[in-house]
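I have placed the structure first, in the form of structure tokens, so that the comments after it can refer back to it.
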Amino acid sequence: MIGRTNAGAGGGRSQLYYDVVCQTAEPAKKEGRIWVKSSVAMTHFEFTPVWDTAGVGFIAVQGEIGGADPLTTNNVLDIFNTRVSGIVNRMKVTPYRCQQVQGSTGNWVDVDAYVCHSNTWVHFWNGTLFDYGDQYTTITGGWTLSKFSVKDGAFDTGLTSQTSGKDVMACTGKKVNVGPYKTLHIRCYSNYSNSGGRGSARFGICNTNGYSKDDYIAYKDIDTKSNTLTDYSIDISSVSGPYYVKFYTSVASMQGWLKIAKMWLT
Amino acid sequence: MTIYIDSDFKCHTVAGDGLTAVETTAFDGKCAAYIEGYRFVPDGSTWVREDGTVFSGEMVTPWKPWEELDAAQRAYERERYENLTAQNAEYEAALSEIETALGVT
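Heads up: the protein sequence lines correspond to chains A and B, in order.
If you want my numbering, it's the position in the first sequence, counting the first as 1, plus 290.
If you want my numbering, it's the position in the second sequence, counting the first as 1, plus 1.
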């Protein structure tokens, strides 16, 4: 189904740069076209937060105003770009999340969505912040690492060789808008106890990116004795706006290591 | 410091029926309005959000909009600063009076 996002009011020809295709099969490529990959028919397309009473088929995109000029290296949407009385009028949106009501009213489901730039489908960000070495730099600004290194496709700390493990940290290089999301997740593995060491680790969101465990707005303490890949999550449903996402541990004497496999928002 | 949590893990600053006392450093320096906008899930406990998602402790996270809590905390810190400034001014005035009485300049 192709939903024509053609305003056209008063002037006839649309000044919008995009149209929306909602289907599972790859549609024809067209600059600025948005492809929502879903088998549920689209009934409405809107840039909006979600709400409980929206009907089946409704598609909502959340994001923020602005972004770089649309390229194949970003997923920025050109909403309109025109001149009015010789003055450029333009609106760009950086999309964060695409959801559709599926099954029953108000049942929002994350769906894959893409925008076509230069004959290439560019994926909307799906909430992932780090995934086995992929640092999602466009969103995170790259991860600032202290005593962490990206190794073998995953974060891998060098704690084994340290007699003082202060300020072991992985923090986003810039603030991430967590507003469209309700939960922050981390998947990690620690063997502190196997090595006879003791320590604590904390994961969450902060207003600052310093070496501290005391500046979190919301946090979850990580079990440093898990000895298995474990998922942890934090409720951030009452937090909106941009924040640093930070993992921090500070220990006096430590042996062992901790690996972070993935961090993401839902 | 001691906080008190209810059955939904929401924080309170005063003891009451059905509240459990918890020792934590998570809210050191924070005002009552800030603390009472938070949820504290202790280590070993779990909280289930209304959508069924389960969260385990220790988790500390706001249940009120954080901007509102931050504004309350800033107002509290401003007021504390102003009170301290006023108190310092009183001390300095008293000291001046003593110096004058003693003939010290």
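Even for Gly, the Cβ is constructed at its ideal location relative to N, Cα and C.
Below-8 Å beta-carbon distance, residue i vs any chain B residue
{"i": "Y569 (chain A)", "result": "For residue 569 (chain A) there is no data in the structure shown, the boundaries of chain A being 291 and 556."}
{"i": "S394 (chain A)", "result": "no"}
{"i": "Y509 (chain A)", "result": "yes"}
{"i": "T450 (chain A)", "result": "Because T450 (chain A) carries a pLDDT of 48, less than 50, the predicted location of this residue cannot be relied on, and the following value inherits that uncertainty. Taking Cβ atoms only, chain B never reaches closer than 8 Å to T450 (chain A), which makes this a no."}
Cβ of residue i within 8 Å of any chain A Cβ
{"i": "V61 (chain B)", "result": "yes"}
{"i": "V49 (chain B)", "result": "no"}
{"i": "E56 (chain B)", "result": "For clarity, residue 56 (chain B) is Phe in the given sequence; the question names Glu instead. So, interface residue."}
{"i": "P66 (chain B)", "result": "yes"}
{"i": "D7 (chain B)", "result": "no"}
{"i": "D44 (chain B)", "result": "yes"}
DSSP state of residue i mapped onto helix, strand, coil
{"i": "A403 (chain A)", "result": "strand"}
{"i": "T101 (chain B)", "result": "helix"}
{"i": "L20 (chain B)", "result": "coil"}
{"i": "Q74 (chain B)", "result": "helix"}
{"i": "A491 (chain A)", "result": "strand"}
{"i": "C313 (chain A)", "result": "The sequence given here places Gln at residue 313 (chain A); Cys does not occur at that position. It is coil, neither helix nor strand."}
{"i": "Y308 (chain A)", "result": "coil"}
{"i": "W547 (chain A)", "result": "coil"}
{"i": "T86 (chain B)", "result": "helix"}
{"i": "E91 (chain B)", "result": "helix"}
{"i": "R50 (chain B)", "result": "coil"}
{"i": "E37 (chain B)", "result": "coil"}
{"i": "E109 (chain B)", "result": "Lying before the first or after the last residue shown, residue 109 (chain B) is absent from chain B, which here runs from 2 to 106."}
{"i": "R373 (chain A)", "result": "strand"}
{"i": "R81 (chain B)", "result": "helix"}
{"i": "D96 (chain B)", "result": "It is worth fixing the name first, because residue 96 (chain B) is Leu in this sequence and not Asp. In this structure, L96 (chain B) counts as helix in the three-state DSSP scheme."}
{"i": "K146 (chain B)", "result": "No information on residue 146 (chain B) is available, as it lies outside the stretch 2 to 106 that chain B covers here."}
{"i": "F460 (chain A)", "result": "The displayed chain sequence assigns Ala, not Phe, to residue 460 (chain A). Looking at A460 (chain A) - three-state DSSP - the assignment turns out to be strand."}
{"i": "R380 (chain A)", "result": "strand"}
{"i": "W554 (chain A)", "result": "strand"}
Cβ distance (whole Å) where residue i is taken to contact residue j below 8 Å
{"i": "K320 (chain A)", "j": "V401 (chain A)", "result": "Between V401 (chain A) and K320 (chain A) the Cβ distance is about 20 Å, and since that is not below 8 Å, they are no contact."}
{"i": "V15 (chain B)", "j": "P43 (chain B)", "result": "No, V15 (chain B) and P43 (chain B) are not in contact; Cβ-Cβ is about 19 Å, not under 8 Å."}
{"i": "Y534 (chain A)", "j": "T498 (chain A)", "result": "7 Å"}
{"i": "G353 (chain A)", "j": "F337 (chain A)", "result": "7 Å"}
{"i": "R477 (chain A)", "j": "A551 (chain A)", "result": "5 Å"}
{"i": "D525 (chain A)", "j": "F10 (chain B)", "result": "Actually they do not touch by this definition, with Cβ atoms about 10 Å apart."}
{"i": "G423 (chain A)", "j": "G463 (chain A)", "result": "The pair is not a contact, with the Cβ atoms about 16 Å apart (cut-off 8 Å)."}
{"i": "V346 (chain A)", "j": "C388 (chain A)", "result": "Contact flag wrong, Cβ pair sits at about 16 Å."}
{"i": "V412 (chain A)", "j": "T384 (chain A)", "result": "With a Cβ gap of about 12 Å, V412 (chain A) and T384 (chain A) do not count as contacting."}
**Request:** Would you list, in chain order, the members of the stretch 456 to 481 of chain A that have their beta-carbon closer than 7 Å to a beta-carbon of chain B?
**Result:** T473
**Asked** Between the stretch 518 to 532 of chain A and chain B, which residues of the former have a C-beta closer than 8 Å to a C-beta of the latter?
**Response** Of all residues in the stretch 518 to 532 of chain A, Y522, S523, I524, D525, I526, S527, S528, V529, S530, G531 have a Cβ within less than 8 Å of some Cβ in chain B.
**Prompt:** Along the chain, which unbroken stretches of the alpha helix (DSSP H) at least 4 residues long are found entirely within the stretch 385 to 435 of chain A?
**Reply:** Contiguous alpha helix (DSSP H) elements confined to the stretch 385 to 435 of chain A occur at 427 to 430, taking only those with 4 or more residues.
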